[in-house]
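Participant: Be aware that the sequence shown starts at 768, since it is given in the working numbering, and climbs by one per residue.
A virtual CB, placed ideally from N, CA and C, is assigned to each residue, including glycine.
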Amino acid sequence: MTDPHAYRVDGAQAAGDYVSAYRRNGFVVLRGLFGGDEVAALAAAADQVHDEGMRLGRSFRHGNLFYRVAAGDDGPLVQMIQWPSYHQAVLNAFRLDRRLASILAPLLGGDLKQIINQIHWKSPVSSGDFAWHQDSRFRKPDEAYRNLAGSYVQTGLAIDPHDPGSGCLRFVPGSHLWGELPLECPDEVLGAAMSDPVLEAVGLDAADAVDILLAPGDLALWSPYLVHGSGTNRSAHRRRFYINGYVRAEDCDRGEWAFRGGRPVPFGPEPALVHYEALRERRDPHFV
Ligand SMILES: O=C(O)CCC(=O)C(=O)O
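#1: Per the contact definition of three or more C-beta pairs closer than 8 angstroms, is the region 978-995 in contact with the region 798-806?
#2: Write down the C-beta distance between Trp1024 and Lys880 rounded to the nearest angstrom, noting that I regard them as a contact closer than 8 angstroms.
#3: Is the separation between the beta-carbon of Ser787 and that of Gly1029 shorter than 8 angstroms?
#4: Whether or not the region 935-955 and the region 993-1011 are in contact is what I'm after, with contact meaning three or more pairs of Cβ atoms, one per stretch, closer than 8 angstroms; do they touch?
#5: Just checking Leu936 against ligand 1 - is the residue's beta carbon closer than 7 angstroms to any of the ligand's heavy atoms?
#6: Pull up the distance between the alpha-carbon of Pro1033 and that of Lys889, whole angstroms please.
#7: Applying the criterion that 16 or more other CB atoms from any shown protein chain within 10 Å of the CB defines a buried residue, is Val956 buried or exposed?
#8: For His929, tell me which candidate among Tyr834, Ala1045, Gly842, Phe1008 has the shortest Cα-Cα distance.
#9: Are the CB atoms of Asn1000 and Ser893 within a distance shorter than 8 angstroms?
#10: Counting C-beta neighbours from all protein chains within 10 Å, is the total for Phe1054 16 or more, i.e. buried, or is it exposed?
#11: When you compare each of Leu844, Tyr834, Asn792, Tyr774 to Ala916 by their alpha carbons, which one comes out closest?
#12: Could you check the C-alpha separation between His1042 and Asp963 for me, to the nearest Å?
#13: Have a look at Tyr853, Val796, Asp818, Ala856 and flag the residue whose alpha-carbon is nearest the alpha-carbon of Pro843.
#14: Taking just the CA atoms, how far does Asn831 sit from Glu1037?
#15: Going along the chain, which residues of its own chain have a beta-carbon closer than 6 angstroms to the beta-carbon of Asp770, five neighbours each way excluded?
#16: Report the residue from Arg1027, Pro1052, Tyr992, His887 whose alpha carbon sits nearest the alpha carbon of Asp864.
#17: Straight-line CA distance for Gly932 to Arg1006?
#18: Ala884: buried (16+ other C-beta within 10 angstroms of its C-beta) or exposed?
#19: So, is the C-beta of Arg1006 closer than 8 angstroms to a C-beta in chain C?
#20: In the DSSP assignment, find the alpha helix (DSSP H) that holds Ser918 and state where it starts and stops.
#21: Which residues bound the beta strand (DSSP E) around Met821?
#22: Quick one: Cα of Gly1022 to Cα of Tyr919, how far?
#23: Taking the beta carbon of Arg862 as the centre, do at least 16 other beta carbons fall within 10 Å, making it buried, or is it exposed?
#24: Below 6 angstroms CB to CB, which residues in the same chain sit around Tyr853 once its five sequence neighbours on both sides are set aside?
#25: Whole angstroms are fine: how far does the CA of Gln901 sit from the CA of Gly1045?
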């Protein structure tokens, strides 16, 4: 069956289509953006940083680089790594790939900074759930982000198959048009299950939510106001997801530069302030 939310970006017509679909629904899926060899290289890079997290054994921070490692029944469980691109060249190349710049250009323009650079792991049958939320709640402080609805796009690149069995994303189409909603969210959305009454309390219906099916190499784009979550991985394989979030540079005071005029911008000598408020004061690597 044809997926009404999925496009292939191989022509001007398709480009117009995915942009209007994104604006209408608050998300869109682009199929087959990266090929098999590229995804294999990305998977190997993800495995490298995952091994680093396993060796650390618990959550660890060095500046913006952060490993979130939970205590699993059988040992450490690496759930998320933020800003691995500072030291992992393949991950860095993906976040700066010009295909991303050209996909984002009609939505955000060519001068982009980056707020999110992270990988999520859902190991088989482990709780890597994400409660229903809007990403806007994490774009703080408010004054650093201007025109958030139109200036920010989150992207997620599938490394493994994403489907209901492996805990794929669930999106509520059109919910981005409602702006910031008083969703009753746990402080930590990672590790908390989606609770449908939370949607009903703000006038949304879980029955309207759609499963986002992704094959390796597919890219999902979503709005900071789109209500979304994801469930438990009950499959026999890992579900890895490479998330990069971009913002129109002139509308944001935070983030690392990613593209200027559509061209990749390498990291500068000092990390930029993104989310970690103690970036300048606490420079030493430390367990958290
Ligand atoms: O990895 C997932 O399934 C959830 C991702 C998500 O909700 C987010 O990054 O905001």
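Facilitator: Put simply:
#1: yes
#2: Sure, about 6 angstroms apart at Cβ, within 8 angstroms.
#3: no
#4: Touching, per the Cβ criterion.
#5: yes
#6: 30 angstroms
#7: buried
#8: Nearest C-alpha to His929: Phe1008.
#9: yes
#10: Label assigned to Phe1054: exposed.
#11: Asn792
#12: 29 angstroms
#13: The shortest Cα separation from Pro843 among Tyr853, Val796, Asp818, Ala856 belongs to Asp818.
#14: 11 angstroms
#15: none
#16: Closest option to Asp864, Cα to Cα, is Arg1027.
#17: 10 angstroms
#18: Note that residue 884 is Asn in the sequence shown here, rather than Ala. The residue is buried, with at least 16 neighbouring Cβ atoms inside 10 Å.
#19: The structure shown contains no chain C; it is built from a single protein chain.
#20: 915-918
#21: Looking at the DSSP string, Met821 is not in any beta strand (DSSP E); the run it does join, the alpha helix (DSSP H), is 803-823.
#22: 12 angstroms
#23: buried
#24: Leu832
#25: Checking the sequence, you will find Ala at residue 1045 rather than Gly. Looking at the two C-alpha atoms, the distance is approximately 25 angstroms.
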